[in-house]
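Here the structure comes first, spelled out in structure tokens, and everything after it is commentary.
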Amino acid sequence: MDRKVNVAHLKIGMYVSNLDRPWIDTPFLLEGFLINSEEDLTALNQYCTYVFIDTDRGIGAAEYIEEAPRLKTNTYLERFLQDNKKKVEYTNTRPTKEEIPAAQTALESASNQVAHIMEDVKSGKNLNVEAVRGVVEPILDSIIRNSEAYMWLSMMQKKSSYTYSHSVDNCALAIAFGRFMGLPKKDLRTLAIGLLMMDMGNVKVPEGILNKKGRLTEAEYRIVKKHVEHGIEILKKTEGMNEDIINIALTHHERFDGSGYPNALQGTQIPVYGRMAAIIDCYDAMTSNRPFSAAKSPYSALQSIYNWRDSAFQPELVEQFLQCMGVYPTGSLVEMTNGSVAIVLEQNLTQRMRPKIMLILDEDKQHLKEYKTVDLAINFEDASRMPMNIYRGLDPGSYDIDPTEYYL
Numbered sequence: 059m060d061r062k063v064n065v066a067h068l069k070i071g072m073y074v075s076n077l078d079r080p081w082i083d084t085p086f087l088l089e090g091f092l093i094n095s096e097e098d099l100t101a102l103n104q105y106c107t108y109v110f111i112d113t114d115r116g117i118g119a120a121e122y123i124e125e126a127p128r129l130k131t132n133t134y135l136e137r138f139l140q141d142n143k144k145k146v147e148y149t150n151t152r153p154t155k156e157e158i159p160a161a162q163t164a165l166e167s168a169s170n171q172v173a174h175i176m177e178d179v180k181s182g183k184n185l186n187v188e189a190v191r192g193v194v195e196p197i198l199d200s201i202i203r204n205s206e207a208y209m210w211l212s213m214m215q216k217k218s219s220y221t222y223s224h225s226v227d228n229c230a231l232a233i234a235f236g237r238f239m240g241l242p243k244k245d246l247r248t249l250a251i252g253l254l255m256m257d258m259g260n261v262k263v264p265e266g267i268l269n270k271k272g273r274l275t276e277a278e279y280r281i282v283k284k285h286v287e288h289g290i291e292i293l294k295k296t297e298g299m300n301e302d303i304i305n306i307a308l309t310h311h312e313r314f315d316g317s318g319y320p321n322a323l324q325g326t327q328i329p330v331y332g333r334m335a336a337i338i339d340c341y342d343a344m345t346s347n348r349p350f351s352a353a354k355s356p357y358s359a360l361q362s363i364y365n366w367r368d369s370a371f372q373p374e375l376v377e378q379f380l381q382c383m384g385v386y387p388t389g390s391l392v393e394m395t396n397g398s399v400a401i402v403l404e405q406n407l408t409q410r411m412r413p414k415i416m417l418i419l420d421e422d423k424q425h426l427k428e429y430k431t432v433d434l435a436i437n438f439e440d441a442s443r444m445p446m447n448i449y450r451g452l453d454p455g456s457y458d459i460d461p462t463e464y465y466l
């Protein structure tokens with residue numbers, strides 16, 4: 059059982075299951091660990107106010123912490139989203155199944171191009187902004203035509219190189235999020251380029267640190283945080299790179315409560331694109347396989363994002379992101395109330411708990427001879443005429459299901 063505990067009351071032997079902030083904002087890269095030393099306690103005191111401990115995996119605790127007081131926030135997302143930009147109402151102009159080939163081409167091309175771009179910068183060459191736009195444009199056009207196809211493929215085909223795939227996934231998520239919020243295409247392009255390039259500074263961080271499987275030392279964590287500074291240096295000397303893109307890279311690790319870096323900005327001191335980038339960056343990191351941590355289910359990652367609203371992230375933007383992604387995001391593995399297992403294919407904008415799914419396993423967790431597509435907004439019953447709903451989200455790889463084997 060998880061219990062919420064003030065860091066002042068932590069003891070050696072307790073198992074930390076979650077923090078009061080995103081794991082990527084700390085040196086604790088393993089998402090869940092046993093407190094083994096005074097050094098662990100010191101680090102937890104330095105980075106956290108409270109944590110959650112799992113009493114089934116370590117010793118218990120006697121005291122809880124009260125909820126931290128909420129910061130006052132704007133009741134509106136941002137004035138410029140309402141007054142200075144005309145909201146665009148996007149609709150899918152091509153069915154998901156028909157958009158899959160174009161989305162597939164965009165994804166494969168983007169992954170290869172980003173790898174080349176980063177290798178060029180790593181070798182000392184200047185960043186080519188036209189090459190970056192060449193990566194973004196096919197993704198942008200695909201997601202504008204249909205917001206589901208690219209997101210499905212991206213979830214199904216996580217690449218082996220987290221550095222490259224994370225940049226491309228961030229770009230796509232930014233477009234989908236901005237599209238949901240009604241941003242004009244030129245602003246979607248700016249947001250997409252910013253998210254694609256915001257971690258460019260990682261090319262100057264030693265791979266041994268980026269790929270370390272254990273907890274970073276304080277010195278190593280300082281080096282990792284330097285990637286923001288390195289990225290700004292690269293972007294500022296790039297011809298044609300606008301200020302909004304540079305500011306995304308500068309602020310994507312800032313946090314709404316002021317706990318981020320490099321400048322501990324707070325609230326609306328952080329540009330709205332930077333606030334959006336922070337949410338997207340954390341979500342994709344949690345749903346990806348990293349050298350030091352296995353992927354969480356999209357459902358679990360969204361729960362964490364929700365728990366960090368008002369502290370790490372602006373609550374209004376969190377609400378918009380959750381609505382954009384759906385309760386069970388496209389590509390999620392889910393278990394149904396009758397015990398069968400499915401993959402989420404498409405969202406239903408009017409009934410978020412009832413997306414379109416593909417049934418993979420039957421009630422006994424055996425592979426179906428023919429995979430069946432079900433729109434839960436229309437069909438509420440299983441073969442036995444029992445009501446069928448989503449019971450819970452599943453972790454990636456559950457029941458040895460390899461999502462890359464299943465396409466529309």
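Its first residue numbered 59, the sequence shown is counted upward by one per residue in the numbering used here.
Even glycine gets a Cβ: it sits at the ideal position worked out from N, Cα and C.
Note that the structure is a prediction, hence the values are computed from the model and not measured.
| Query | Result |
| --- | --- |
| Of the residues 245, 454, 226 and 265, the one placed nearest residue 255, counting alpha carbons only | 226 |
| Separation of residue 64 from residue 429, as counted between CA atoms | 48 Å |
| Cβ separation of residue 228 and residue 339, assumed to be a contact under 8 Å, to the nearest whole Å | 6 Å |
| Segment limits, alpha helix (DSSP H) that includes residue 431 | Taken as a continuous stretch (DSSP letters only), residue 431 belongs to no alpha helix (DSSP H), being part of the beta strand (DSSP E) at 425-433. |
| Beta-bridge pairing of residue 416 - partner residues as DSSP gives them | 401 and 431 |
| Touch test, the stretch 64-79 against the stretch 102-112, Cβ-Cβ under 8 Å, three pairs minimum | yes |
| Boundaries (first-last residue) of the beta strand (DSSP E) holding residue 451 | 448-452 |
| Sub-8 Å separation of residue 391 and residue 399 beta-carbons | yes |
| Buried versus exposed call for residue 305 [16 or more other C-beta atoms within 10 Å across all chains shown] | buried |
| Where residue 74 sits in the DSSP three-state scheme | strand |
| Given residue 359 as reference, the closest of 332, 373, 387 and 368 once Cα atoms are compared | 387 |
| Status (buried if at least 16 other CB within 10 Å, exposed otherwise) for residue 189 | exposed |
| Alpha helix (DSSP H) segment containing residue 302, residue limits | 301-309 |
| Under 8 Å between C-beta atoms of residue 161 and residue 223 | no |
| Rounded separation between residue 102 and residue 156 - CA only | 50 Å |
| Own chain residues within Cβ distance below 6 Å of residue 120, not counting five before or after | Confidence in residue 120 is poor, its pLDDT being 45 and thus under 50, which makes the residue's placement unreliable; the coordinate value appears in the next sentence. Excluding sequence neighbours, residue 120 sits near nothing in its chain. |
| Exposed unless 16 or more other CB atoms sit within 10 angstroms - verdict on residue 445 | exposed |
| Buried versus exposed call for residue 79 [16 or more other C-beta atoms within 10 Å across all chains shown] | buried |
| Sufficient close CB pairs (3 or more, under 8 Å) joining the stretch 322-329 to the stretch 412-423 | no |
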